[in-house]
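**Student:** Counted from 1, the sequence shown has number 78 at position 78 by the working numbering; the numbering is strictly sequential.
In this text, a Cβ means the ideal position worked out from N, Cα and C, and glycines have one as well.
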Amino acid sequence: MSIGAGGIRPCSLAFGVDQLYHDATDEKTDDPKRERLLQSFFNWYYASVGLSIMVAVTVVVYIQDSLGWKVGFGVPTLLMLVSAVLFLLGSSLYVKVGPKRKYYR
């Protein structure tokens, strides 16, 4: 689980910032509006990560204790499946930034 979490978190942060700065020609712009937007993004990102951890260690454990392990594992699995489907359905709307240079010739 730690390998999966360590692999997705840096990518999701970069992907989120790409959605905000997709039209910037210079990545080092000092526009205060963009800085506030970026700060707000990071605040909401880390708040949602913290909230999801709290839900995972309380609600999921409660479900496992009350309804059994099968339901306790089934609910997170179903939620992960729904989130993956929603992510894929919205993929045509995402900004996909390619590499700026080729690393392999």
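Under 8 Å by Cβ, that's how I've got residue 16 and residue 46 pegged, so tell me the actual separation to the nearest angstrom.
**Tutor:** On the sequence shown, residue 16 is found 16 positions in, with the first residue counted as 1. On the sequence shown, residue 46 is found 46 positions in, with the first residue counted as 1. For a cut-off of 8 Å, the C-beta gap from residue 16 to residue 46 is around 11 Å, too long to register as a contact.
**Student:** Measuring CB to CB, does residue 71 end up less than 8 Å from residue 63?
**Tutor:** Within the sequence shown, numbered from 1, the residue matching residue 71 stands at position 71. Within the sequence shown, numbered from 1, the residue matching residue 63 stands at position 63. Contact: yes.
**Student:** DSSP three-state call for residue 65: helix, strand or coil?
**Tutor:** For the purposes of this step, residue 65 is identified with residue 65 of the sequence shown, where counting begins at 1. Residue 65: helix per DSSP, three-state reduction.
**Student:** Do residue 60 and residue 75 have their beta-carbon atoms positioned less than 8 Å apart in this structure?
**Tutor:** Within the sequence shown, numbered from 1, the residue matching residue 75 stands at position 75. Within the sequence shown, numbered from 1, the residue matching residue 60 stands at position 60. Taking 8 Å as the Cβ cut-off, residue 75 and residue 60 qualify as a contacting pair.
**Student:** Please state the DSSP three-state secondary structure of residue 18.
**Tutor:** Residue numbering aside, residue 18 sits at position 18 when the sequence shown is read from its first letter. Here residue 18 sits in helix by DSSP.
**Student:** Hey, is residue 84's beta-carbon within less than 8 Å of any beta-carbon in chain D?
**Tutor:** This model lacks chain D altogether; it includes just one protein chain.
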